[in-house]
Amino acid sequence: METALAMRPYPGQRQCGDQAGLWCLGEGRVLLALADGLGHGAAAVEAADAAMACIDTAPGLSPHLLLQRCDDALRGTRGAALSLIRLDLLAGQLEHAGIGNVSALVQCGAVKRRIASVPGIVGAGLPPVRTDALALDKAGVLAHFSDGIDPRLDLTTASDAPLAAQADGLVARYGRDDDDVGLVLLRWHPGWPADLGWGAP
Ligand SMILES: [Mn+2]
Numbered sequence: 052m053e054t055a056l057a058m059r060p061y062p063g064q065r066q067c068g069d070q071a072g073l074w075c076l077g078e079g080r081v082l083l084a085l086a087d088g089l090g091h092g093a094a095a096v097e098a099a100d101a102a103m104a105c106i107d108t109a110p111g112l113s114p115h116l117l118l119q120r121c122d123d124a125l126r127g128t129r130g131a132a133l134s135l136i137r138l139d140l141l142a143g144q145l146e147h148a149g150i151g152n153v154s155a156l157v158q159c160g161a162v163k164r165r166i167a168s169v170p171g172i173v174g175a176g177l178p179p180v181r182t183d184a185l186a187l188d189k190a191g192v193l194a195h196f197s198d199g200i201d202p203r204l205d206l207t208t209a210s211d212a213p214l215a216a217q218a219d220g221l222v223a224r225y226g227r228d229d230d231d232v233g234l235v236l237l238r239w240h241p242g243w244p245a246d247l248g249w250g251a252p
């Protein structure tokens, strides 16, 4: 498994109001989080940081429960869009729950799946949360991104180049210049997760 992160702040800002996190939970389970603080600048950064700090207290909870905890933790902030993806690499499964304009794209061979979030704002009272589940193939790539990225991004060219270079290239090509931009790429290979020493007992 490889990951790469590419963030770009709103023009003129020093900090990016999009924040990403990755937690390795053991036994081949990984949690990815992407938060987009509303607007941009310091208040957006504060909201996105609050989401990451909240998740960090209990990253092993389900995406649904984490959204509820973050909704409480972000009261008093401007609020954020937040997408949570939990991968179980031993079981070959993905679980997602998200609120607001943060989404994901999974590509396994010719199969391409978009994972959308429910409209709303974390910190302003959650709408009904939907959890999506997806079976993962043995090799593929996942992009997790804010609305600072054009959702029509194409991962088919993301094949052999180093993942960090691909992330930078996707931001350059699909990033909007009137918003914070946040993109995480995660790629897994045949033989995973045994090549990480995560093989089933
Ligand atoms: Mn945004």
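The numbering used here puts the first residue of the sequence shown at 52, with every later residue one more than the last.
All C-beta atoms in this analysis are idealised placements derived from N, C-alpha and C, irrespective of residue type, glycine included.
Within 10 angstroms of the beta-carbon of H240 lie fewer than 16 other beta-carbons, which makes it exposed. Here DSSP, grouped into helix, strand and coil, assigns M103 to helix. Along the region 72–124, the alpha helix (DSSP H) occurs as fully enclosed runs of 4 or more residues at 93–108 and 114–124, listed in sequence order.
Judged by pairs of C-beta atoms under 8 Å, the region 146–165 touches the region 72–91, as three or more such pairs exist.
In the DSSP assignment, V169 falls outside any beta strand (DSSP E) and carries neither an H nor an E.
For A194, the enclosing beta strand (DSSP E) begins and ends at G191 to S197. Note that the C-beta distance between G233 and A101 is not below 8 Å. Bridge partners of G149 according to DSSP: S134. Minimum Cα-Cα distance from A109 among the listed residues R126, G130 and L76 corresponds to L76. Here A161 is exposed, its C-beta having fewer than 16 other C-beta atoms within 10 Å.
Below 8 Å, enough C-beta pairs join the region 190–199 and the region 53–71 to call them touching: three or more. Sorting A94, R137, L141 and D228 by C-alpha distance to the C-alpha of R126 places A94 at the top.
In the DSSP annotation of this structure, the continuous segment of the alpha helix (DSSP H) that includes R224 starts and ends at L214 to Y225. Annotation for D230: Y61, H91, S197, D198 and G199 place their beta carbon closer than 8 Å to its own, counting only its chain and skipping 5 residues before and after. The residue from K189, S168, G226 and L187 with its alpha-carbon nearest to that of V180 is S168. Exclusion of S154 from the 7 Å shell around ligand 1 follows from its C-beta lying no nearer than that to any non-hydrogen atom of the ligand.
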